[in-house]
Amino acid sequence: MLTAVISLLFWLVVIPFCIGLIPVNFILPGRRTPGFLFLAGYFCMWALFALAAIPAVLWVEYDNFKAASAVFTVLSILCAILGIFLLYRNRASGGESLLGVRFKNDTGVARKTGLKGLLKSMLRADRIEWLLFFLLLGFQLYKAAAFASFDGDDAYYVVESLLAQEADTMYRILPYTGGSTGLDVRHVLAVFPMWVAFVSVKAGIHATIVSHVVMPFVLIPLPYLLFYEMGKLLFDPKKTGESKNNAVSGNLLHRENLPVFMIIMAMFQIFGNVSIYTNETFFLTRTWQGKAVTGSLVIPAVLWLFLLLCGEREQEKRTDVGLWLVFVCVNMTAGICSSIAVFLVSILTALTAFVLMITKRDIRLLLRFGAACIPNVIYMGIYVVMGYSYLLQ
Amino acid sequence: MWGIFLESVVIFKNYMGYHENHFLAGIYLFVLLYLWLTEKDRTRRAVFVYAPTLLLLAFFCPLFRKVFVRLLEDSETYYRLLWLLQMSIVSAYGLIKLMGKHKRIGLAVVCLMIAACGDYVYDSQHISRAENAYHLPQEAIDIVDMIEPEEGRITVLVPADLIYYVRQYSTDIELPYGREMLIARWDYYHAMYEAMEKAEVIDTPAFVELTRTYPCAYVVLKEDREISEPLTEYGFSVYGQVGDFVIYQDMTL
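Those protein sequence lines, which keep their order, are chains A and B. Residue numbers for the first sequence follow our numbering, beginning at 1 and rising by one. Residue numbers for the second sequence follow our numbering, beginning at 1 and rising by one.
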């Protein structure tokens with residue numbers, strides 16, 4: 001049991017955290033926060049998993065899960081080591097910390113944005129709102145652990161994870177019956193269940209338990225972390241029209257809005273079950289499935305990165321390479337979640353980049369976001385070639 | 001084209017749950033309009049106002065729907081385009097802007113509004129108290145524990161109630177047919193499924209002949225399942241019972 005917990009902590013907390021240090025190293029110090037670090041780490045880790053698993057699915061016939069797991073283990077540990085190396089190099093050279101940083105806000109008062117700063121700011125004011133939010137979050141986690149949510153698609157996705165765990169095989173066995181099968185283009189590129197299987201194997205826990213009980217403890221808080229980061233951007237006093245002279249009240253506005261935003265988001269998730277189709281319903285009833293991750297994490301992450309990449313660039317006149325790296329990784333994460341997610345994210349990126357190009361009168365925006373979608377183009381190319389290859393025969 | 005447009009309207013209404021008197025979409029559309037009128041920041045305007053409006057127009061555009069469906073060869077997932085609107089994020093942002101300085105009272109009103117216009121997810125008929133760590137029905141687990149071989153795999157015929165769960169617990173149990181037969185709109189035909197589930201009364205001789213073509217080492221039937229002659233007269237023996245389910249073992253294998 002203890003080994004399983006340590007293994008889960010290692011693969012679900014330590015590895016993404018360390019990998020996240022890489023993109024964080026390449027962003028502006030003011031944007032470095034534990035939340036960004038953790039989210040970036042997850043997206044980069046999933047992108048690495050796509051690089052390890054998709055070629056194995058396509059080109060390795062026997063024990064392809066074993067091959068993908070070995071490659072992913074090596075890649076992720078190497079990236080984690082690189083992240084730690086960057087952290088120490090940064091510290092040794094006296095640069096801004098990758099974990100949290102002191103900088104002056106508009107009032108000239110030093111503010112800490114690290115984990116301690118985050119907790120302090122939560123405790124300082126609006127305790128009731130934050131308490132209410134954490135109660136709502138805790139309630140969702142309790143429901144996820146203590147209640148079973150039936151979904152027919154589990155007979156496919158969860159069984160695929162279990163097959164990978166028990167038979168070391170990805171997508172070569174029919175999950176519904178157990179017979180052998182060829183590659184089904186619609187599902188084989190979406191390797192999210194294989195990542196669940198990877199975690200299950202490393203922790204030595206049955207993949208069904210990992211899907212239904214462990215995954216909600218990762219995949220429910222993670223979107224809320226994203227909403228928190230998004231809320232910080234949206235209610236930043238510098239961007240809410242507050243003048244510098246009014247920065248103190250602006251800061252108050254910021255602090256008050258953030259927990260309110262989080263509570264409203266939590267309420268929307270809990271009461272968003274207006275039909276079985278909404279992303280809110282998927283979020284809380286099929287949390288462990290790739291398509292739920294698409295709606296609750298990947299698509300919001302694209303919006304978050306649009307706000308980050310286009311929000312303050314005009315003032316700073318500096319490109320954040322780390323943010324673009326995360327954007328590419330979010331696109332790759334869409335690919336492992338579901339095939340349709342790649343199309344959705346591409347549509348969203350194209351439309352939003354197009355309107356941004358017009359509103360900001362900057363064609364480079366369209367070109368940059370287009371370049372960041374190259375992984376999607378490759379993915380769609382593989383999808384089309386696989387789906388229509390019979391026409392060439 | 002008009003027909004395709006109307007299909008999109010139906011998909012939109014079903015997604016938003018209008019037919020069940022849910023109106024969260026009303027809050028979203030109101031906020032979208034509010035942001036059209038008040039949002040000054042160019043980036044936010046592009047991300048939260050222009051892009052969603054264009055998306056909505058694209059969603060209802062018949063030509064767009066035709067291309068989308070043709071490309072993905074799937075019309076059932078068209079509704080997921082609406083996920084791109086991220087209604088909750090846009091609504092939360094707009095509502096907080098609208099609250100101004102009246103945060104606490106505003107929050108209370110908004111929470112009440114969401115609860116009134118939405119639907120509580122944990123009321124769903126698909127959510128029930130977990131019986132075990134697997135979040136699977138305990139009966140399915142008990143049955144598999146009884147029949148699972150120490151080595152290799154076996155084929156087992158189970159009733160529709162168990163089809164979703166058996167292989168989530170153990171992939172050493174193979175099934176003659178799976179969940180694909182339970183989705184009515186997929187409209188597949190499977191002789192074994194017809195004999196097991198569709199027949200009002202199971203025709204034992206034909207049924208047994210079919211089970212032996214796989215061959216099924218065990219057959220699980222509900223206690224009250226009507227059957228023309230007992231399976232025990234055709235080389236099966238009662239192996240055990242779990243709840244309402246009787247497990248028969250084929251002794252000829």
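Backbone N, C-alpha and C define an ideal beta-carbon position, used for all residues, glycine too. On a predicted model such as this, the values are computed, not experimentally measured, just so you know.
From the DSSP output, read off the bridge partner residues of residue i.
i	result
Y218(B)	V156(B), Q249(B)
S180(A)	I173(A)
Q168(B)	Note: Q168(B) sits in no beta bridge, so no partner.
D123(B)	Paired residues: none, contrary to the question.
G35(A)	Paired residues: none, contrary to the question.
Q165(A)	BP columns for Q165(A) are empty, so no partner.
G272(A)	D119(B)
E174(B)	T155(B)
V242(B)	F245(B)
T202(B)	The amino acid at residue 202(B) is misidentified as Thr; the sequence shows Ile. I227(B).
Expressed to the nearest angstrom, what Euclidean distance is found between the alpha-carbon atoms of residue i and residue j?
i	j	result
G35(A)	L219(A)	14 Å
P16(A)	L51(A)	16 Å
E7(B)	F343(A)	21 Å
M1(A)	A144(A)	21 Å
Y379(A)	F207(B)	46 Å
Q241(B)	I247(B)	6 Å
S128(B)	I77(A)	39 Å
I173(B)	F268(A)	40 Å
V109(A)	N257(A)	Only weak support is given to the placement of V109(A): the predicted model assigns it a pLDDT of 45, under 50, and the question is left unresolved by the model.
E242(A)	F26(A)	For E242(A), the predicted model reports a pLDDT of 47, less than 50, meaning its position is unreliable; a value from the coordinates is still stated below. Distance between the alpha carbons of E242(A) and F26(A) is about 29 Å.
G243(B)	V144(B)	13 Å
N245(A)	D236(A)	In this predicted model, N245(A) has a pLDDT of only 44, less than 50, meaning its place in the structure is not dependable enough to derive any value.
F68(B)	V10(B)	17 Å
N251(A)	K232(A)	Per-residue confidence for N251(A) stands at a pLDDT of 46, beneath the threshold of 50, marking its modelled position as unreliable; the derived number appears in the next sentence. Those two C-alpha atoms are separated by around 11 Å.
F103(A)	Y34(B)	Bear in mind that a pLDDT of 41 at F103(A), under 50, signals an unreliable position, so the model cannot answer this.
N406(A)	S296(A)	This structure leaves residue 406(A) out entirely; chain A is present only between 1 and 393.
C18(A)	A80(A)	5 Å
Y239(B)	I382(A)	49 Å
T181(A)	M146(B)	28 Å
E229(A)	S7(A)	27 Å
Note the first and the last residue of the continuous beta strand (DSSP E) segment covering residue i.
i	result
Y138(B)	Correcting the residue identity first, residue 138(B) is Gln in this sequence and not Tyr. Note, Q138(B): premise wrong, no beta strand (DSSP E); alpha helix (DSSP H) at 138-147.
I127(B)	127-129
Y234(B)	Y234(B) -> no beta strand (DSSP E), and no H or E assigned at all.
S482(A)	Any answer about residue 482(A) is impossible in this case: the structure gives chain A only from 1 up to 393.
Assuming contact is defined by CB atoms lying nearer than 9 Å, are residue i and residue j in contact in what I supplied?
i	j	result
R212(B)	G178(A)	no
L308(A)	Y42(A)	no
P23(A)	L226(A)	no
N376(A)	G335(A)	yes
N64(A)	R172(A)	yes
K270(A)	L132(A)	The residue asked about is misnamed: residue 270(A) is Ile in this sequence, not Lys. Cβ atoms of I270(A) and L132(A): not closer than 9 Å.
S170(B)	S149(A)	no
Y293(B)	L234(A)	Absent from the model: residue 293(B). The displayed extent of chain B is 1 to 253, so no value can be given.
P259(A)	D126(A)	yes
Y156(A)	R65(B)	no
L175(B)	Y176(A)	yes
L71(B)	V355(A)	no
T352(A)	A51(B)	yes
G370(A)	A341(A)	no
V210(A)	S161(A)	yes
Provide the residue span of the alpha helix (DSSP H) that contains residue i, from first to last.
i	result
T352(A)	339-360
W304(A)	299-311
P62(B)	62-72
T73(A)	64-92
H187(A)	185-188
M194(A)	192-203
W83(B)	Here W83(B) belongs to no alpha helix (DSSP H), and DSSP marks it neither H nor E.
K40(B)	That residue, K40(B), is in no alpha helix (DSSP H); it is neither H nor E in DSSP.
G152(A)	Run containing G152(A): none; DSSP gives neither H nor E here.
M386(A)	374-388
E7(B)	2-16
I15(A)	15-25
Y50(B)	Careful: Y50(B) lies outside any alpha helix (DSSP H) and carries neither H nor E.
F283(A)	279-285
Cβ of residue i within 8 Å of any heavy atom in the ligand NAD?
i	result
R70(B)	Inclusion of the ligand NAD in the displayed structure is not the case, the ligand content being empty and no account of it being possible.
Problem set entry | Cβ contact check for the segment 150-162 of chain B and the segment 213-227 of chain B: 3 or more pairs under 8 Å | These segments touch.
Exercise. At a cut of 8 Å, does the segment 21-39 of chain B reach the segment 67-78 of chain B through at least three beta carbon pairs?
Worked result: The segment 21-39 of chain B is not in contact with the segment 67-78 of chain B.
For this session: Could you tell me whether the segment 54-72 of chain B touches the segment 190-205 of chain A, where touching means 3 or more Cβ pairs closer than 8 Å?
Result: Proximity of the segment 54-72 of chain B to the segment 190-205 of chain A falls short of the contact definition, fewer than three beta-carbon pairs being nearer than 8 Å.
Problem set entry | contact_flag[the segment 284-300 of chain A, the segment 130-150 of chain B] where n(CB pairs < 8 Å) is 3 or more | By the criterion of at least three beta-carbon pairs nearer than 8 Å, the segment 284-300 of chain A is not in contact with the segment 130-150 of chain B.
Exercise. Taking one C-beta from the segment 37-48 of chain B and one from the segment 103-116 of chain B each time, how about it: are there three or more such pairs within less than 8 Å?
Worked result: Fewer than three beta-carbon pairs drawn from the segment 37-48 of chain B and the segment 103-116 of chain B are found closer than 8 Å, and the two stretches are therefore not classed as touching.
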